[in-house]
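Quick note on the numbering used here: the sequence shown kicks off at 16 and runs consecutively.
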Amino acid sequence: MYLTKFPSWEVATNDKENGGKYDGTNQYTYAKRGQVLLAERMAKLHPEVQWVTGHPGWAATAAVDDAFGQDKKYLEPMRSTWQGAEGLTWLMSTESKNLINGSFYLDRSVQKKHIAGESA
């Protein structure tokens, strides 16, 4: 997600009529980037609601196996599925006062959302 801008709608939605070809890793990246952008926008439009996004970290799942194959070794150490779910479960269940609206979380902590820092 950090190295990828949100693409055109045709690319993001894998529009086959315009020559779209499915790539699971890219689609995950586009979906995560879209979630981050949506949370940022909604936090500004509706500040009375907490809008946040989260990442489970790299967890040992079939999806990671399919996407990365032998290259998943570069993602080590991998988390168990429970470890990946724990941070997201906290994010969904913590009190609002523990969150910063529009933020991106990993391991119960706010993370940078954009490789160059905050968005313009």
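Each residue gets a CB set at the ideal place from its N, CA and C atoms; glycine is no exception. If you're wondering where the values come from, they're calculated on a predicted model, not measured in any experiment.
Check your understanding: So, does the CB of A78 fall closer than 9 Å to a CB anywhere in chain C?
Key -> In the structure shown, chain C does not exist; there is a single protein chain.
Review point. If T96 and A74 are in contact, beta carbons under 8 Å, what's the gap, nearest whole angstrom?
Key: Translated into the one-based positions of the sequence shown, residue 96 becomes position 81. Translated into the one-based positions of the sequence shown, residue 74 becomes position 59. Contact flag correct, Cβ pair sits at about 5 Å.
Exercise for review: Run through the segment 47-86 for me and flag every whole alpha helix (DSSP H) of 4 or more residues, listed as ranges in chain order.
Suggested key: Counting only runs of 4 or more, we get 77-83.
Point to revise | Among N41, V64, T28, A100, the one whose alpha carbon lies nearest that of K112 | key: Within the sequence shown, residue 112 is the residue found at index 97, counting from 1. Of the residues N41, V64, T28, A100, the one whose Cα lies closest to the Cα of K112 is V64.
Practice item. Between the Cα of S118 and those of G69, D81, T104, spot the shortest distance and give me the residue it belongs to. Key: As a first step, residue 118 must be located in the sequence shown, where it is residue number 103. Cα-wise, what sits closest to S118 is G69.
Review point. What three-state label does DSSP hand L121 in the structure shown?
Key: Within the sequence shown, numbered from 1, the residue matching residue 121 stands at position 106. Three-state DSSP puts L121 in a strand.
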